[in-house]
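Participant:
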Amino acid sequence: MPIPGTTKPHRLEENVGAAAVALSAEELRDIEDAVSAVEIQGARYPEHLPRLVGR
270 MPIPGTTKPH RLEENVGAAA VALSAEELRD IEDAVSAVEI QGARYPEHLP RLVGR
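For the sequence shown, this note's numbering begins at 270 and goes up steadily by one.
(1) What three-state label does DSSP hand Leu297 in the structure shown?
(2) Taking the C-alpha atoms as reference points, what is the distance between Ser293 and Leu281?
(3) According to DSSP, is Leu292 helix, strand or coil?
(4) For the alpha helix (DSSP H) holding Ser285, just list the boundary residues, first then last.
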(Lines of atoms letter the chains of each structure in order from A; the text may use other names.)
(Lines give C-alpha, C1' and ligand atoms only; values in the text may rest on other atoms or scores of the structure.)
Protein backbone atom coordinates (compact mmCIF):
# COMPACT_ATOMS: atom_id res chain seq x y z
CA MET A 270 0.00 0.00 0.00
CA PRO A 271 1.56 3.31 -1.00
CA ILE A 272 2.01 5.91 1.70
CA PRO A 273 0.98 9.33 0.35
CA GLY A 274 2.80 12.56 1.06
CA THR A 275 6.47 12.99 0.30
CA THR A 276 8.92 15.73 -0.54
CA LYS A 277 11.64 13.57 -2.08
CA PRO A 278 11.43 12.11 -5.60
CA HIS A 279 13.04 8.80 -4.59
CA ARG A 280 10.41 8.33 -1.88
CA LEU A 281 7.68 8.96 -4.47
CA GLU A 282 9.19 6.20 -6.62
CA GLU A 283 9.14 3.86 -3.61
CA ASN A 284 5.50 4.74 -2.91
CA VAL A 285 4.45 4.12 -6.51
CA GLY A 286 6.34 0.82 -6.52
CA ALA A 287 4.49 -0.29 -3.39
CA ALA A 288 1.26 -0.44 -5.38
CA ALA A 289 2.71 -3.33 -7.39
CA VAL A 290 3.44 -5.52 -4.36
CA ALA A 291 1.21 -8.59 -4.29
CA LEU A 292 0.59 -10.39 -1.00
CA SER A 293 -0.50 -13.99 -0.72
CA ALA A 294 -3.59 -15.01 1.22
CA GLU A 295 -1.31 -16.36 3.95
CA GLU A 296 0.60 -13.08 4.19
CA LEU A 297 -2.65 -11.13 4.41
CA ARG A 298 -3.86 -13.46 7.18
CA ASP A 299 -0.59 -12.98 9.05
CA ILE A 300 -0.97 -9.20 8.80
CA GLU A 301 -4.60 -9.37 9.95
CA ASP A 302 -3.60 -11.55 12.91
CA ALA A 303 -0.82 -9.17 13.92
CA VAL A 304 -3.03 -6.08 13.62
CA SER A 305 -5.90 -7.66 15.53
CA ALA A 306 -3.53 -8.41 18.41
CA VAL A 307 -2.81 -4.69 18.87
CA GLU A 308 -4.93 -3.01 21.53
CA ILE A 309 -5.72 0.57 20.55
CA GLN A 310 -5.54 2.95 23.48
CA GLY A 311 -6.49 6.58 23.73
CA ALA A 312 -8.01 8.95 21.23
CA ARG A 313 -6.76 9.38 17.70
CA TYR A 314 -5.90 13.02 18.29
CA PRO A 315 -5.14 15.08 21.39
CA GLU A 316 -8.30 16.33 23.11
CA HIS A 317 -7.98 19.93 21.91
CA LEU A 318 -7.66 19.19 18.17
CA PRO A 319 -11.17 17.90 17.28
CA ARG A 320 -12.66 21.11 18.70
CA LEU A 321 -10.59 23.10 16.21
CA VAL A 322 -12.34 21.39 13.30
CA GLY A 323 -15.81 21.27 14.86
CA ARG A 324 -15.91 17.59 15.84
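Every residue, glycine too, gets a C-beta built ideally from N, C-alpha and C.
Facilitator: To lay it out plainly:
(1) helix
(2) 25 Å
(3) coil
(4) According to the sequence displayed, residue 285 carries Val and not Ser. 278-287 is the extent of the alpha helix (DSSP H) around Val285.
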